[in-house]
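>
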Amino acid sequence: MNQKTIDNLVEKYLEEKGLPQSPALTFEDVTIVDLYSDVPSRSSIKDTRGRLAQHVYLNTPVVSANMDTVTESRMAISMARLGGFGFIHQFFPIEKRVREIELVKRADSGVIERPLTAGPDTTLKVALERMASYKISSLLVVDEKTRKLLGILAHRDYRLEADHSKTVGSLMKKIGLITAPPRTNPEKARQILFKNKIEKLPLVDSSGRLKGLITSQDIEKVIQFPKASRDKKGRLLVGGSVGIADSVLEEIEELLKAEADIILVDTARGNSARLVEVLSRIRRRFGKKLLLVAGNIDTPEGVLKLIEAGVDGVKVGIGGGSACKTRRGPGVGIPQISAIAESYALSSKYGIPIISDGGIKGSSDFAKAIVAGADSVMVGGILAGTEETPGKPFYEDGEKWKIYRGSASIEFQLSRLDRDEREAFIRTPEGVPKRVKYKGEVASVIEELMGHLYSSMSYVGAWTLKEFQKKGKFRWQTLSGLEEGKPHDVL
Ligand code: XMP
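My numbering puts the first residue of the sequence shown at 377, with every later residue one more than the last.
1) Cβ of T436 versus every heavy atom of the ligand XMP: is any distance shorter than 6 Å?
2) Apart from the five residues on each side of it in sequence, which residues of its chain come closer than 6 Å, Cβ to Cβ, to E635?
3) When burial is assigned at 16 or more other CB atoms within 10 Å of the CB, is D733 buried or exposed?
4) On the DSSP letters alone, give me the boundaries of the alpha helix (DSSP H) that R482 sits inside.
5) Could you tell me the distance, in whole angstroms, from the CA atom of N435 to the CA atom of G459?
6) Helix, strand or coil for G527 per DSSP?
7) Does any heavy atom of the ligand XMP sit closer than 6 Å to the C-beta of S417?
8) Any heavy atom of the ligand XMP closer than 6 Å to the CB of G678?
9) Below 7 Å between beta carbons: does that hold for D674 and I710?
10) So, with DSSP's three-state summary, where would you put I673?
11) Would you mind working out which of R704, S723, G695 sits nearest K681, comparing C-alpha positions?
12) Closest Cβ-Cβ distance between V487 and chain D: below 7 Å?
13) For the beta strand (DSSP E) containing G827, name the first residue and the last one.
14) Using the Cα positions of L390 and R851, report the straight-line distance between them to the nearest angstrom.
15) To the nearest angstrom, how far is it from the Cα of E505 to the Cα of L589?
16) Please name the residue or residues paired with S413 in a DSSP beta bridge.
17) How about A717 and A750: are their beta carbons less than 7 Å apart?
18) Can you round the beta-carbon distance between Y814 and P769 to whole angstroms, since I take them to be within the 8 Å contact cut?
19) Secondary structure at S714, three-state DSSP: helix, strand or coil?
20) Considering only their Cβ atoms, is the gap separating T591 from K576 smaller than 7 Å?
21) Three-state secondary structure (DSSP) at E775?
22) Alpha helix (DSSP H) containing V598: first to last residue?
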């Protein structure tokens, strides 16, 4: 596609949306126009599915940022349960990233295909360490040669045991084990678990070999979270992230072994020869089946480069993040509404979704990002301070806080230097750290975003997110228009 065609596409789409080509606009500069609506109430809207990558839809089109103060397994689990998605950040060594992915894939899965096991001679000490590292409280005991099920070591079997040198074989429950055949469906499993008042149902073949595990907790979660983002086997979806280091192919290999559903290749300067080269190598090595998202870019030209390199989704946004300094340091980056709209003008021609990344301060920005063309929206700052973010809360000035920091902040770089001696130098920081008030569980943040999204959709007469993205239009607003929209005193 030549530059003239790109310019024409952008010009046409911006005109449709009511946006200027110059200057570039951001969230506060625009307001969504209400349109004639046949949606009787927000509760009649049922479809808010947005796309994250080719063929991957989220009931809740919100993605937690791959930042070290935002997304580890705990956040990814909560996000996926709520119908969103999380990318485990790339700042852990690869073994730790793999473990985090495994933790998500093991959480409320329909069937755990490879349950955690131990041989009967394993000491309780070793068993406890293994359970702690997977954050679980029971183990299946098997004959390590034949994989035949011998017993279950449940919490009640060891919690009062003071002698950790005892073997799990001597502590486990081995008589009266209730098991089921490998292909037992969830409803049948629910009945067996309920009837026998048990928590775990090991699946064994006709020779008694362990083939899987269904737990009452998993079945409960499937009922509790009907919108959850799940794979074909009923497990929660999760993404792995990588940078553009030379080790990227080996890292992806490991993340895929852990069954990450999508790989994100993330770099601050996405419109670069290096990223294009890395993406081409990834495609050559892993073929078309791998779901690949890359970024960040903020121009249609950048989108085109990444699409030509074979991505399934493009992450858009430079310098708009709440902990970013890129607009103020190097002075680079396009205000986010224009960046999304111009990128979408091009990506939509190829059917590749846009993930808007950065700058979301609340639900109105979220809705505006979608009207501008985003298929899903990545957020960091508004999730910061929630229970599920990594790091411990602390008390200061009479309040409870957690830390949120830019991935290019000096504090973050120094913490990496402590962990990873190979980092030879510190870059001029392009991010900042901040303390953020403790917010409780992430579900409340998502509920507020989605609650207002339903309302925005009803104002525009959109029954589906796709329709909202298509029909929604903007008017620019002045500063006085912005002020008028804020709660103000009546004189
Ligand atoms: P919000 O606004 O949701 O933005 O907090 C999250 C996004 O910010 C980006 N990010 C950075 N950008 N310097 C930057 O210029 C940084 O140090 C930095 N850390 C994060 C990133 O795209 C994230 O998803």
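All C-beta atoms in this analysis are idealised placements derived from N, C-alpha and C, irrespective of residue type, glycine included.
Let me spell this out:
1) no
2) K481
3) buried
4) 470-482
5) 5 Å
6) strand
7) no
8) no
9) yes
10) strand
11) S723
12) Of the chains in the structure shown, none is chain D; there is only one protein chain.
13) First-last for G827: 818-836, but that is the alpha helix (DSSP H), not the beta strand (DSSP E).
14) 11 Å
15) 21 Å
16) Its beta-bridge partners do not exist; DSSP assigns none.
17) no
18) 5 Å
19) helix
20) yes
21) strand
22) 592-600
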